[in-house]
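Since the structure comes first, as structure tokens, the remarks are kept for the end.
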Amino acid sequence: WYAGGWSNADGRVGDPGWSSSNGPTACNPAITAANATYPFCPDPLFQFHHQPFNYFDNYGRLPDVSGNTAAGPEKLARVRHLRDEQEFLGLASQSATECQLKPVSFVKPIGAENEHPGYTNESAGSSHLVDLIKAIEGSACKNDTLVVSTYDEFGGQWDHVTPPGQGGNDGVADQWGPGTRIPALVISPNLNGDFVVDHVPHDTTSILATIEHRFGLAALGTRDAAVRDLSSVYNAR
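With our numbering applied, the sequence shown covers 8 to 244.
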């Protein structure tokens, strides 16, 4: 999991992405949220609730000498798997002849570049997405990497296409039923053409199913066990 602004927010002094020092023991107030305590110097637009693994015990911290887990030593899974987006870009830049990226990477941009209404804009996020894709396309990773770019909402409150599972059509859904459609862009060197459209219904857990099927992993839950994976994109025309 590579998050924009993670090193500053998590106190990773000196790690890729760290940029918030104002001397050896202070945050840089120009780029840090108010009331931050060094070395935890998050950007004002760092979205803590966009970091899902941060809320799982396996990716947490051990208690310090006073029993406080907020600033105690990081657990091994946190150190290994919760990283800064700049590290992802660094690995891509080191992949001129052989891909250095991990088998699976999730990249979550910082707030200023996530296209969310209210505190950023679409153009900044789109430009950042292009930069991420170019980093992969400019490396050896382009030969066998599947990129999926998607969103947690679609930018409105109404969809003119009725979601499946309404009325007499049960569809495939969990107990809440499917919601409005969201954009999903799939980039792969093995597609059947440029700008093809896959009309097979999927949901966000289809990404998990794709990873599970690709690497022979057990499903995490009933939802990803039931949905289609994204392999249908290779039949799209």
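Heads up, the beta-carbon is just placed ideally off N, CA and C, and yes, glycines get one too.
Among the options, which residue has its Cα nearest to the Cα of residue i?
i: PRO59; options: GLY30, SER213 and ALA10; result: ALA10
i: ASP151; options: TRP13, HIS56, CYS106 and LEU215; result: CYS106
i: VAL204; options: ASP138, TRP8, SER239 and PHE63; result: SER239
i: VAL111; options: ASN242, ASP231, HIS220 and ARG230; result: HIS220
i: ARG188; options: GLY74, GLY200 and VAL207; result: VAL207
i: ALA78; options: LEU69, ARG85, ALA84 and PHE63; result: LEU69
i: PRO185; options: LEU89, GLY74 and VAL234; result: VAL234
i: GLY228; options: GLY163, ASP201 and SER213; result: SER213
i: PRO23; options: THR76, ARG85 and GLU92; result: GLU92
i: ASN121; options: LEU83, ASP236, THR157 and SER102; result: THR157
i: ALA119; options: ILE218, ILE38 and ASP231; result: ILE38
i: PHE113; options: ASP231, LEU215 and ALA232; result: LEU215
i: ASN65; options: ALA84, GLN54 and ASN75; result: ALA84
i: VAL20; options: ARG90, ALA41 and PHE63; result: ARG90
i: PRO116; options: SER73, THR211, GLN54 and ARG244; result: GLN54
i: TYR241; options: VAL193, PHE63 and GLY162; result: VAL193
i: ARG244; options: LEU224, ASP201, THR211 and ARG87; result: ASP201
Please determine whether the Cβ atom of residue i lies at a distance below 7 Å from any heavy atom of the ligand SAM.
i: CYS148; result: In terms of ligand content, the structure shown is empty, and the ligand SAM therefore cannot be addressed.
Let me check one thing: in DSSP terms, what residues is residue i bridge-paired to?
i: VAL154; result: ILE194
i: LYS115; result: ALA10
i: ASP91; result: ALA10
i: THR44; result: PHE47
i: ARG68; result: GLU81
i: SER27; result: The partner list for SER27 (beta bridge, DSSP) is empty, contrary to what the question assumes.
i: CYS34; result: SER28
Which term fits residue i, buried or exposed, when burial requires 16 or more other beta carbons within 10 angstroms of its beta carbon?
i: PRO80; result: exposed
i: HIS167; result: exposed
i: ASP71; result: exposed
i: GLU160; result: exposed
i: SER2; result: Since the displayed the chain opens at 8 and closes at 244, residue 2 lies outside it and no answer follows.
i: TRP8; result: buried
i: PRO190; result: exposed
i: SER146; result: buried
i: PRO36; result: exposed
i: THR44; result: exposed
i: HIS224; result: It is Leu, not His, that sits at residue 224 in the sequence shown. LEU224 should be labelled exposed.
Since residue i is in the alpha helix (DSSP H), which residue starts that stretch and which ends it?
i: GLU144; result: 129-144
i: SER238; result: Looking at the DSSP string, SER238 is not in any alpha helix (DSSP H), and its letter there is neither H nor E.
i: THR212; result: 212-222
When you compare the region 140-148 with the region 87-106, are there three or more beta-carbon pairs, one atom per stretch, that lie closer than 8 Å? Judged by pairs of C-beta atoms under 8 Å, the region 140-148 touches the region 87-106, as three or more such pairs exist.
Would the region 43-55 count as touching the region 14-34 if we require 3 or more Cβ pairs under 8 Å? Counting C-beta pairs closer than 8 Å gives three or more between the region 43-55 and the region 14-34, which meets the contact rule.
Quick one: any contact between the region 118-126 and the region 59-71, if contact means 3 or more CB pairs under 8 Å? No: the two stretches stay apart, fewer than three of their Cβ pairs being nearer than 8 Å.
Taking three-plus beta-carbon pairs below 8 Å as touching, is the region 30-43 in contact with the region 130-137? Three or more beta-carbon pairs separated by less than 8 Å are not found between the region 30-43 and the region 130-137, which leaves the two stretches without contact.
Assess contact between the region 146-161 and the region 189-200, defined as three or more Cβ pairs (one per stretch) separated by less than 8 Å. Is contact present? Enough Cβ pairs lie closer than 8 Å, so yes.
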